[in-house]
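**Q** After the structure tokens below, expect a handful of questions from me.
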Amino acid sequence: MGRTQRLLFLKYGLPYQAYPYIGLARRSRFRRHQHFKTIRLRYMITGSPSALEELQSLRDFGRVISRTDDPSFLLHWSDDGQVYGFSFIQNPQNRLTDAYLELFNKACTTRRGYLVKDGRWDWGAIYQYKKQADTLTEMLAGGLHTACGQLPRASKLLGLEYMNGLSTGRGIYVWNRFLIYIIRHYKAKRLTNREFNIACFLPVQLGHSIYKSLVYIRPFLDML
Numbered sequence: 030m031g032r033t034q035r036l037l038f039l040k041y042g043l044p045y046q047a048y049p050y051i052g053l054a055r056r057s058r059f060r061r062h063q064h065f066k067t068i069r070l071r072y073m074i075t076g077s078p079s080a081l082e083e084l085q086s087l088r089d090f091g092r093v094i095s096r097t098d099d100p101s102f103l104l105h106w107s108d109d110g111q112v113y114g115f116s117f118i119q120n121p122q123n124r125l126t127d128a129y130l131e132l133f134n135k136a137c138t139t140r141r142g143y144l145v146k147d148g149r150w151d152w153g154a155i156y157q158y159k160k161q162a163d164t165l166t167e168m169l170a171g172g173l174h175t176a177c178g179q180l181p182r183a184s185k186l187l188g189l190e191y192m193n194g195l196s197t198g199r200g201i202y203v204w205n206r207f208l209i210y211i212i213r214h215y216k217a218k219r220l221t222n223r224e225f226n227i228a229c230f231l232p233v234q235l236g237h238s239i240y241k242s243l244v245y246i247r248p249f250l251d252m253l
């Protein structure tokens, strides 16, 4: 709005061509600055009886206030109305809260590649396991970026959360047996007070991989 306003004002002050319908002549080849100075003194000086000066004043005031205001966000309660860090994993109906213990049991009892040696943690094996988990996370991030329709910005994608925070909502959901992630855009909220959200549906195989990573691998790594 502000940029368009300035362009229209410049068009009015120094028109490249004539507009006979509104009585605006083409700009002169000489002393253009004097003509523009006359218009500036009439419309742009503080205190002039012009809407342009008022719009510029409101714009500048808004910029100053925006630096002092807290960031805007919407508060969403969890499904149970009490838990902040809530996700589909914590939903008791899904019975997934302790599912990572199955992976823990296999990691400690399997004969090949186990993480326990002589009754103690094998920190070398644990380090390699975490390294493989980081590689898996990078591969899943690449899948989220390329396999779900319109490419999101990397900053939006890397900021996704799988459970609610104290003042943020999670971005990964399960809907109708599909895993989806939601990108939230807040620029329009300053004008409309409404969020603009984009829901991206994951392909089945990618959804299964992320599901297993969130349900089994991530909680197991947090325990380690």
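Numbering (our numbering), first residue to last: 30 to 253. Glycine is no exception: its CB is placed at the ideal position from the N, C-alpha and C atoms. Just so we're clear, the structure is a prediction, and the values are computed from it rather than from any experiment.
When you compare the CB positions of R199 and E190, do they come within less than 8 Å of one another, or not?
**A** Contact: yes.
**Q** Let me check understanding here. Comparing Cα to Cα, which of Y129, C137, Q46 and V93 lies closest to Y245?
**A** Y245 has its Cα closest to that of Y129, out of Y129, C137, Q46 and V93.
**Q** Can you give me the C-alpha to C-alpha distance between K241 and I201, rounded to a whole angstrom?
**A** Rounded to the nearest angstrom, the two C-alpha atoms are 13 Å apart.
**Q** Please go through the same chain and pick out, in chain order, the residues whose beta-carbon is closer than 8 Å to the beta-carbon of N226, but skip the five residues on each side of it.
**A** I211, I212, R213 and H214, listed in sequence order.
**Q** Does the Cβ of S116 have 16 or more other Cβ atoms within 10 Å, making it buried, or fewer, making it exposed?
**A** It counts as buried.
**Q** Inspect the beta-carbon positions of A176 and L235 and report whether they are closer than 8 Å.
**A** Cβ atoms of A176 and L235: closer than 8 Å.
**Q** Please report how far the alpha carbon of I239 lies from the alpha carbon of D147, in whole angstroms.
**A** The alpha-carbon atoms of I239 and D147 are separated by roughly 33 Å.
**Q** At what residues does the beta strand (DSSP E) containing C137 begin and finish?
**A** Segment Y129 to T138 is the alpha helix (DSSP H) holding C137; no beta strand (DSSP E) there.
**Q** Taking the straight line between their C-alpha atoms, what separation do you get for E167 and K185?
**A** Their Cα atoms are separated by approximately 15 Å.
**Q** Could you spell out where the beta strand (DSSP E) holding Y48 opens and where it closes?
**A** From DSSP, Y48 is part of no beta strand (DSSP E); its letter is neither H nor E.
**Q** Report the partner residues of F207 according to the DSSP bridge assignment.
**A** F207 is bridged to W204.
**Q** For A183, report the span of its beta strand (DSSP E) as first-last.
**A** A183 -> not in any beta strand (DSSP E); alpha helix (DSSP H) instead, spanning A183 to L187.
**Q** When DSSP builds the beta bridges, which residues end up paired with N120?
**A** Per DSSP, none; premise fails for N120.
**Q** Provide the residue(s) that pair with K146 in DSSP beta bridges, ordered along the chain.
**A** Beta-bridge pairing links K146 to R149.
**Q** Alpha carbon to alpha carbon, how far is V93 from L43? Give it in angstroms, no decimals.
**A** Spanning the two alpha carbons is a distance of roughly 31 Å.
**Q** Tell me whether the beta-carbon of A162 lies closer than 8 Å to the beta-carbon of L243.
**A** Taking 8 Å as the Cβ cut-off, A162 and L243 do not qualify as a contacting pair.
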